[in-house]
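Which chain is which? The protein sequence lines are A and B, in order. Taking the UniProt record's numbering, the leading residue of the first sequence gets 1, the next gets one more, and so forth. Taking the UniProt record's numbering, the leading residue of the second sequence gets 1, the next gets one more, and so forth. In this text, a Cβ means the ideal position worked out from N, Cα and C, and glycines have one as well. A quick note: this is a predicted structure, and the numbers were derived from the prediction, not measured. Working notes, beginning with the structure itself.
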Amino acid sequence: MKLGRLSAAAGFAALALALAACSSTSASSAPEKAADPEARVVVANFRAPISNWALESDDAYVLSIAGCLETLAKYDQGTKTVEPMLATSWKQSSDTEWDFELRKNVEFQDGTIMDAKAVTASLNHVLKATAPARAVNPKTIKKVEALDADTVRVTTPAADPLLPYRMASVNAGVLSPAAYTETGIDPMNHCTGPFAPVSEKAGQSLTLDRNENYWDGDVKLAGGEIRYITEGATRATQVQTGEADISMSIPATSLAALEADKQISVLKADSPRTSTLYLNNSRAPFDNVDLRKAVTMALDLPAMAASVYEGAAQPATGPFAPSEPWANPDLGVPQVNIEEAKKLVEASGYKQEKPLEIIAITERAEFAGVGAIIQEQFKQIGLKANVVTKSYGAVEPDVLAGKYDMILSQRNRMIDIADPIGFLQADYSCEGGYNLSHYCNKDYDELINQALVEKDEAKRHDLYRQAGDILAEDAVNVWLVNEQAIDGVGSKVQGYVQDPLTRYVLTKDLAKIK
Amino acid sequence: MSPLATVLRRVVGLGAAVLLSSFAVFLVPFVSPGDPVRALLRARMDIGEADEATVQAYAEQFGLHDPMLVQFGRWLGRFFTGDMGLSHISGTPVADQVLPAIGVTLSLAGGTLLVAILVSIVLGVVSATRAGQWPDRLITSMTHAFIAIPEYALAPLLVLLFAVRFSLLPSAGYDSPASLVLPVFILALRPISFFTVAVRSGVRQALDSEHVLAARARGLGRTQALMRHVVPHGLLPLWTMVGVWFAGLLGGSVIVEVIFAIPGMGRLIFDAIINGDIPVAQGGVVVVVTCAVLVTGIIDLVHKLSDPNVRIGVRHG
């Protein structure tokens, strides 16, 4: 990995600025026309609720994008800060205690008051789940209690500066007490958001009406519909035909058709997912850092992004996307250097007796092509590899047990909270619960442990950057491309702000012209 | 065989089919690589990470640590009391997911077969009565092509043409009769080709049969002979095929259901198996098998009633 070259730094700083500029893009079609107050917007969503609206599951994301579910705090993608939502403020009363002051006079859509009792019950419901949420679970939150009618105290097991981020997770959403029934969660008219769910067609769609009493002011749309369309090409077609006004997560294969359509705006933002060639650091041959560096130098990442991903992804510079505040702007895309890579292979002393195995998981169809390219580029440095395609579920036990050479997979860095600490801890620390690369470095762990309790955001981000530099320097894995969130938006839609973390779509400011 | 014995035999056959097929589905996670409990958690939360305590607690809640036969016996016991159990992912009754899905699939399969039957009767009769001539050759070529075109290739083409280019039909969904036009058309192509061959063959045989020749000799017109003797007789092989195709469509229209976002049975069972949600997969299979056996029985009856020899026998009996 080459660092510090002025020209490269300048180039990538420019790239980072460009990416940062588009990291929260919006569609502002036809601003000269007045919004239609009777308009309804149809959203083709990639996710369907499957867990009976359990808030500890990913179903919470559907309720959040629908403009129903709200949280005490909200992470603003533009300012990169946690801001008030159902709570107006919060303070840390001790290392482990946080007091949230609730917004007054907020009503649930069923007319009941949102008070500390309701919020406490809602959060405790998630904490008691058999399979608790990643951001809100008994390991991260010890207790939630009402101090008075308007104050909720959240107690953590240890000092946790990220608690407000956890309260901004969709899994920490607040529903009216009436939503919790004996047969599961009933979200109909039980949220606080700008839109109230009024009916659902099982497996098909959720219909919402404007919340006339929304606490944050007037809602521009009369309502909306969230359609559950898991097939990417179908979502792309829906916005092309005008059946949907917004289609989320457009696949790369449909990008060209949408970009050619003048009636559609295609919005792209860095998503926190990086396609990665995981290397098994715990056994030969990739327990040798020289060999890991050699394979990094062998791969032409820009060509891969342009070909397999059809330009819908950016070549990765390291474990983070350049637009993230904790990314090292001096890290560049690893340069192809076949001669140097050959020398490193030689220096590693590795004598290949049989081909290495690259597992391409079938859940991501493009990995078969990526694997084939890697196989070819490895040949140039004298490494033989075979690509095998398997489902992730089938290989997970072996990968977790360290019985593999390489696996092509991808990972969301900002799992439920807009901060990478969970990812850095689980995926790369010595005791990490999801350390697929089986990497262990005490210096790295020390940095992560410091970050876990660091209250100052700038200092914490600096610790993340240092940790990322260690991962890059040790060439733990080959981070291939940073994936992009791509949404298609019809020309009649106004005020749509793309959220790369896929939490907000139907907002009070979303509008549509006739 | 007496009618009672026939009914009893059908009921026993249905029970055996339900038991065998549900046991086969039950075996899937036990013989598949990977951890079924982690698969369940992955379905709820799109991530591989699940700590051991969560995995254990989840397995405990649904009794997934019990031996395979104990779990199957538990399901069987519930089933005989009319309970299909709870989904391992949503925790809701399986029936709440299966019954809406079977309704969707019945409409899809029914529409598909209706279209296929009507089209194939026309094509088969024309092909048989013009055997060796250009209409016959054209129809034969067309039906051969229908077999060869895969659904996943045809669906995007038709969507591009009828939904994107001409805005005539919806591209996906299940909320109006128009939304079923493309899925039904795509699903109908293969049965049309098989049915047409069957009708052609049946009609050809009927045309050459002695009783039709005798009827013509008695002065019956060609069209009358065709409608009264040839077509009914020629359709006999069709009904058996319809039953088989119906059973296949109930669970086998996964690709079309995914492409057109139709919340039907094929997709439900497929997703349930992938996610390791065995109660839903079993409930789905039980309903599909039951429907298939019932429909096959009805088709048998139609087959018998459609047989002119049987009807003559009934009249004279």
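Quick check: what's the CA-CA separation for residue i versus residue j?
| i | j | result |
| --- | --- | --- |
| Val-287/B | Ala-360/A | 36 Å |
| Gln-494/A | Ile-226/A | 17 Å |
| Ile-259/B | Val-154/A | 45 Å |
| Pro-156/B | Ala-233/A | 9 Å |
| Ala-21/A | Val-489/A | Legend: pLDDT at Ala-21/A = 38, less than 50; position of this residue unreliable, value from coordinates given subsequently. Cα to Cα, Ala-21/A sits roughly 19 Å from Val-489/A. |
| Asp-300/B | Trp-239/B | 8 Å |
| Tyr-228/A | Cys-68/A | 16 Å |
| Ser-249/A | Gly-73/B | 43 Å |
| Ile-470/A | Pro-319/A | 10 Å |
| Leu-506/A | Glu-83/A | 19 Å |
| Lys-459/A | Asn-328/A | 14 Å |
| Gln-466/A | Val-119/A | 38 Å |
| Ala-121/A | Lys-128/A | 11 Å |
| Ala-347/A | Asp-290/A | 7 Å |
| Leu-501/A | Thr-143/B | 48 Å |
| Arg-9/B | Val-370/A | 56 Å |
| Phe-378/A | Glu-353/A | 15 Å |
| Arg-267/B | Gly-203/A | 10 Å |
| Glu-457/A | Asp-270/A | 21 Å |
| Pro-251/A | Ala-236/A | 8 Å |
| Gly-111/B | Asp-261/A | 34 Å |
| Thr-54/B | Ser-176/B | 43 Å |
| Leu-189/B | Ala-305/A | 39 Å |
Going by beta carbon distance, what residues of the same chain come within less than 6 Å of residue i, once the five residues before and after it are set aside?
| i | result |
| --- | --- |
| Asp-445/A | Ser-429 and Cys-430 |
| Arg-200/B | Gly-124, Ser-127 and Ala-128 |
| Glu-324/A | none |
| Glu-366/A | Val-308 |
| Cys-440/A | Cys-430 |
| Ala-43/B | Ile-89 and Asn-275 |
| Lys-390/A | Ile-359 |
Return yes when the C-beta of residue i is under 6 Å from any heavy atom of the ligand HEM, and no when it is not.
| i | result |
| --- | --- |
| Ala-118/A | Absent from the structure shown: the ligand HEM. Ligands present: none. |
Mind checking whether residue i and residue j have CB atoms under 7 Å apart?
| i | j | result |
| --- | --- | --- |
| Ser-89/A | Glu-101/A | yes |
| Ala-44/A | Ser-247/A | yes |
| Arg-503/A | Val-126/A | no |
| Tyr-174/B | Ile-262/B | yes |
| Ser-51/A | Ile-139/B | no |
| Arg-134/A | Asp-416/A | yes |
| Pro-187/A | Tyr-214/A | no |
| Ala-50/B | Arg-38/B | yes |
| Val-285/B | Ala-17/B | no |
| Met-167/A | Ala-73/A | yes |
| His-438/A | Gly-382/A | no |
| Thr-92/B | Gly-264/B | no |
| Phe-246/B | Val-197/B | no |
| Leu-331/A | Ala-472/A | yes |
| Val-280/B | Ser-107/B | no |
| Asp-245/A | Val-41/A | yes |
| residue 339/B | Met-84/B | Chain B is shown only over 1 to 317; residue 339/B falls outside these bounds and no answer can be derived. |
| Ala-225/B | Arg-216/B | yes |
Looking only at its chain, what residues have a beta carbon closer than 7 Å to the beta carbon of residue i, apart from the 5 residues adjacent to it on each side?
| i | result |
| --- | --- |
| Ala-131/A | Glu-56 |
| Gln-499/A | Per the sequence shown, the amino acid found at residue 499/A is Asp instead of Gln. Excluding sequence neighbours, Asp-499/A sits near Gln-77. |
| Val-181/B | Leu-169 |
| Asp-148/A | Ala-116 |
| Val-399/A | Ile-407 and Leu-436 |
| Val-230/B | Val-203, Ala-206, Leu-207 and Val-212 |
| Ala-372/A | Val-387 |
Excluding five sequence neighbours on each side, which residues of the same chain lie with their C-beta closer than 8 Å to the C-beta of residue i?
| i | result |
| --- | --- |
| Ala-30/A | Model confidence at Ala-30/A stands at a pLDDT of 49, short of 50, so the residue's coordinates are unreliable; what they give is reported in the following sentence. Excluding sequence neighbours, Ala-30/A sits near Ser-491, Lys-492, Gln-494 and Ile-513. |
| Thr-151/A | Asp-99, Phe-100, Glu-101, Leu-102 and Ala-116 |
| Ala-511/A | Ala-35, Asp-36, Ala-39, Lys-220, Leu-221, Val-493, Gln-494 and Gly-495 |
Under the assumption that residue i contacts residue j (Cβ atoms under 8 Å), give the Cβ distance between them as a whole number of angstroms.
| i | j | result |
| --- | --- | --- |
| Ala-178/A | His-190/A | 6 Å |
| Val-256/B | Glu-151/B | 6 Å |
| residue 592/A | Arg-411/A | Because chain A spans 1 through 514 in this model, residue 592/A falls outside it and cannot be assessed. |
| residue 519/A | Ala-313/A | The structure shown has nothing for residue 519/A, since chain A only spans 1 to 514. |
| Leu-86/A | Thr-156/A | 20 Å between Cβ atoms; not a contact. |
| Thr-241/A | Ser-171/B | 5 Å |
Next item on the list: At 3 residues or longer, and completely inside the stretch 128-156 of chain A: list those beta strand (DSSP E) runs for me, N to C.
Entry: Within the stretch 128-156 of chain A, the complete beta strand (DSSP E) runs of at least 3 residues are 143-148 and 151-155.
Item checked: Sequence ranges, beta strand (DSSP E) only - wholly within the stretch 406-468 of chain A, length at least 3 -> Counting only runs that start and end inside the stretch 406-468 of chain A, the beta strand (DSSP E) elements of at least 3 residues fall at 406-412.
Item checked: Residue ranges of each beta strand (DSSP E) within the stretch 306-351 of chain A, 3 or longer -> If we require 3 residues or more, the beta strand (DSSP E) runs fully inside the stretch 306-351 of chain A come out as 313-315.
Item checked: Continuous beta strand (DSSP E) assignments of at least 3 residues falling wholly in the stretch 235-304 of chain A -> Taking only runs of at least 3 residues, the beta strand (DSSP E) segments lying wholly in the stretch 235-304 of chain A are 264-279.
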